[in-house]
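Asks: Just so you know, we're using the UniProt record's numbering here: the sequence shown kicks off at 1 and counts up by one. No residue lacks a Cβ here, since even glycine has one placed at the ideal position from N, Cα and C. On a predicted model such as this, the values are computed, not experimentally measured, just so you know.
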Amino acid sequence: MELVVSMTAIAVAMLIGFAALGTAIGFAILGGKFLEASARQPELAPMLQTKMFIVAGLLDAVSMIGVGIALFFTFANPFIAQVAG
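1) Just to confirm, is the Cβ distance from A28 to F73 under 8 Å?
2) Less than 8 Å between the beta carbons of S63 and A13, yes or no?
3) L30 and A37 - do their beta-carbons sit closer together than 8 Å?
4) Specify, as a first and last residue, the run of the alpha helix (DSSP H) that M7 falls within.
5) Is D60 close to chain C, meaning its C-beta is less than 8 Å from at least one C-beta of that chain?
6) Do I16 and G66 have their C-beta atoms closer together than 8 Å?
7) When the Cα of G22 is compared with those of D60, G32, A84, which residue comes out closest?
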């Protein structure tokens, strides 16, 4: 039982950590490409900014799904029922 709980805690930490890392890398690439495109064609900056914010919201959604799954494993761990039953 202790092994399942400890491995679940490690998996939850990795899930949240990799979600944050992936989102940070995604935002860095997105922001860099937005600045490049705005520097090349400044008249398109408002349209590009709108699209950038839409993609930024999708990036945040992916990490929030990861956090939701991690919280599920933390508080309603289905693996404990398998071991106990």
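Replies: With the structure as the only source:
1) Within the sequence shown, residue 28 is the residue found at index 28, counting from 1. Within the sequence shown, residue 73 is the residue found at index 73, counting from 1. For A28 and F73, no; Cβs fall outside 8 Å.
2) Stepping through the sequence shown from its first residue, residue 63 is reached at position 63. Stepping through the sequence shown from its first residue, residue 13 is reached at position 13. Going by C-beta atoms, S63 is not nearer than 8 Å to A13.
3) Here residue 37 is taken as the residue at index 37 of the sequence shown, counted from 1. Here residue 30 is taken as the residue at index 30 of the sequence shown, counted from 1. For the pair A37 and L30, the CB atoms are not nearer than the 8 Å cut-off.
4) Working through the sequence shown from its first residue, we reach residue 7 at position 7. Start and end: 2-40.
5) Here there is only one protein chain, and chain C is not present.
6) One-based indexing of the sequence shown puts residue 16 at position 16. One-based indexing of the sequence shown puts residue 66 at position 66. Taking 8 Å as the Cβ cut-off, I16 and G66 qualify as a contacting pair.
7) The sequence position of residue 22 within the sequence shown is 22, counting from 1. Measuring from the Cα of G22, the nearest candidate turns out to be D60.
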